[in-house]
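Asker: Have a look at the structure that comes next, please.
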Amino acid sequence: DGARVLEPAHVQDSARDRIVVVTSAGHLLMFSVAELPELERGKGLKLIEIPKAKRGSEGETVVGIAVVAEGGAIT
Numbered sequence: 110d111g112a113r114v115l116e117p118a119h120v121q122d123s124a125r126d127r128i129v130v131v132t133s134a135g136h137l138l139m140f141s142v143a144e145l146p147e148l149e150r151g152k153g154l155k156l157i158e159i160p161k162a163k164r165g166s167e168g169e170t171v172v173g174i175a176v177v178a179e180g181g182a183i184t
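Have a look at this one:
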């Protein structure tokens with residue numbers, strides 16, 4: 110499928126830290142760790158919605174994730 114494992118990102122304060130997700134199409138999403146949706150039946154966590162038609166080895170993929178502390182910056 111062309112899938113690969115990304116480096117884990119360390120969360121220090123789940124109430125205040127933010128998660129940043131970047132895709133190969135240039136989309137960037139930043140949201141609170143507290144808002145991270147958990148999938149049913151132990152399927153994991155959903156960082157970003159990529160439409161099925163756009164994902165895969167030739168389509169859009171997640172290329173990076175980071176955790177930004179409250180008051181931190183991304184550049």
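Each residue of the sequence shown is one higher than the last, beginning at 110 in the numbering used here.
All residues carry an ideal CB built from backbone N, CA and C; glycine is no exception.
No experiment lies behind these values; they were computed from the predicted model shown.
(1) In this structure, does DSSP put A118 in helix, strand or coil?
(2) Can you list, in chain order, the residues of its chain whose CB lies under 8 Å from that of L148, leaving out five sequence neighbours each side?
(3) Assuming V120 contacts I174 under a Cβ cut-off of 8 Å, what Cβ separation, rounded to an integer in Å, is found between them?
(4) Can you give me the start and stop residues for the beta strand (DSSP E) that T170 sits inside?
(5) When DSSP labels each residue in this structure, what does R150 get in the three-state scheme?
(6) Just reading off the beta strand (DSSP E) that V131 is part of, what are its end residues?
(7) Skipping 5 residues on each side, what residues in its chain have a beta carbon closer than 8 Å to that of L115?
Answerer: Answer, in terms of the structure:
(1) coil
(2) L154 and K155
(3) The pair is not a contact, with the Cβ atoms about 11 Å apart (cut-off 8 Å).
(4) It is not in any beta strand (DSSP E) - T170 carries neither H nor E in the DSSP assignment.
(5) helix
(6) R127 to T132
(7) V171, G173 and I174
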